[in-house]
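K.L.:
In the working numbering, the protein residues as written are 8 to 166.
C-beta: ideal position from N, C-alpha, C; glycine also.
First, the structure itself, so that you have it in front of you.
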Ligand SMILES: Cc1cc2nc3c(=O)[nH]c(=O)nc-3n(C[C@H](O)[C@H](O)[C@H](O)COP(=O)(O)O)c2cc1C
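Right, dumping it as structure tokens:
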């Protein structure tokens, strides 16, 4: 069995920051894997996890610590149409703002919790970006992803 040759980045966003990070990763990590696809979460459900791919959840947080509106259907589907996702290896890029201290980056953490509940295996730590700290989410996200992707490709190899 060969490791997946595709990175599928699922994007939850309201104002486009998470999408910009995903696009930076698409360009900046192109030399590390055969194919990178950036897909907005709009309209997706749990079937999105049927692809032969390494998954990256790239999402912001809105409302009172909620996932973005375009991520709601996919997030709800993980709870309402559960199935075993033991084949899934994923990472999480969580965008937030520490001004929301109680719910910092909660959107990404919500996805992490649901995916883990279904048996999916997270690779590496969750990447968190703080909109209040003045740093460039796209540059930091790409640097994080280059290291993460090497780990994820190794984790996807059969034991
Ligand atoms: C109305 C509103 C509510 C927000 N709520 C939270 C929150 O609860 N926790 C958090 O960490 N960030 C919160 N944020 C910050 C966003 O997640 C952050 O600005 C992020 O970069 C936006 O990314 P996006 O453009 O991809 O949606 C909120 C932002 C807005 C405008």
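So, with DSSP's three-state summary, where would you put residue 40?
P.N.:
The sequence position of residue 40 within the chain shown is 33, counting from 1. Correct three-state label for residue 40: coil.
K.L.:
Check whether the Cβ atoms of residue 51 and residue 156 sit closer than 8 angstroms, and answer yes or no.
P.N.:
As a first step, residue 51 is located in the chain shown; it is residue number 44 there, counting from the start. As a first step, residue 156 is located in the chain shown; it is residue number 149 there, counting from the start. It is not a contact, given that the beta carbons lie outside the stated cut-off.
K.L.:
In whole angstroms, what separates the C-alpha of residue 47 from that of residue 75?
P.N.:
Here residue 47 is taken as the residue at index 40 of the chain shown, counted from 1. Here residue 75 is taken as the residue at index 68 of the chain shown, counted from 1. Rounded to the nearest angstrom, the two C-alpha atoms are 11 angstroms apart.
K.L.:
Any heavy atom of ligand 1 closer than 7 angstroms to the CB of residue 31?
P.N.:
By 1-based counting over the chain shown, the position of residue 31 is 24. It does not: the Cβ of residue 31 is nowhere closer than 7 angstroms to a heavy atom of ligand 1.
K.L.:
Among 83, 22 and 49, whose alpha-carbon lies nearest the alpha-carbon of residue 16?
P.N.:
Start at 1 with the first residue of the chain shown, and residue 16 comes out as number 9. Looking at the Cα atoms, 49 is the closest of the given residues.
K.L.:
Within a Cβ cutoff of 6 angstroms, which residues of the same chain sit near residue 149, ignoring the five residues on either side of it in sequence?
P.N.:
Locating residue 149 in the chain shown gives position 142, where the first residue counts as 1. The answer, listed in chain order, is 31, 32 and 35.
K.L.:
Taking buried to mean at least 16 other C-beta atoms within 10 Å of its own C-beta, is residue 94 buried or exposed?
P.N.:
What you label residue 94 is simply residue 87 of the chain shown in a count that begins at 1. Classification for residue 94: exposed.
K.L.:
Nearest by alpha-carbon distance to residue 6: which of 11, 68 and 55 is it?
P.N.:
No answer is possible for residue 6: it lies beyond the span of the chain, which begins at 8 and ends at 166.
K.L.:
Where does residue 106 land, buried or exposed, given buried means 16+ other C-beta within 10 angstroms?
P.N.:
Start at 1 with the first residue of the chain shown, and residue 106 comes out as number 99. Exposed is the call here.
K.L.:
Quick check on DSSP: helix, strand or coil for residue 118?
P.N.:
Within the chain shown, numbered from 1, the residue matching residue 118 stands at position 111. Residue state, collapsed to three classes: helix.
K.L.:
Given this structure, state the Cα-to-Cα distance separating residue 97 from residue 21, to the nearest angstrom.
P.N.:
Here residue 97 refers to the residue found at position 90 when the chain shown is read from its first residue. Here residue 21 refers to the residue found at position 14 when the chain shown is read from its first residue. Answer to the nearest angstrom: the Cα atoms are 22 angstroms apart.
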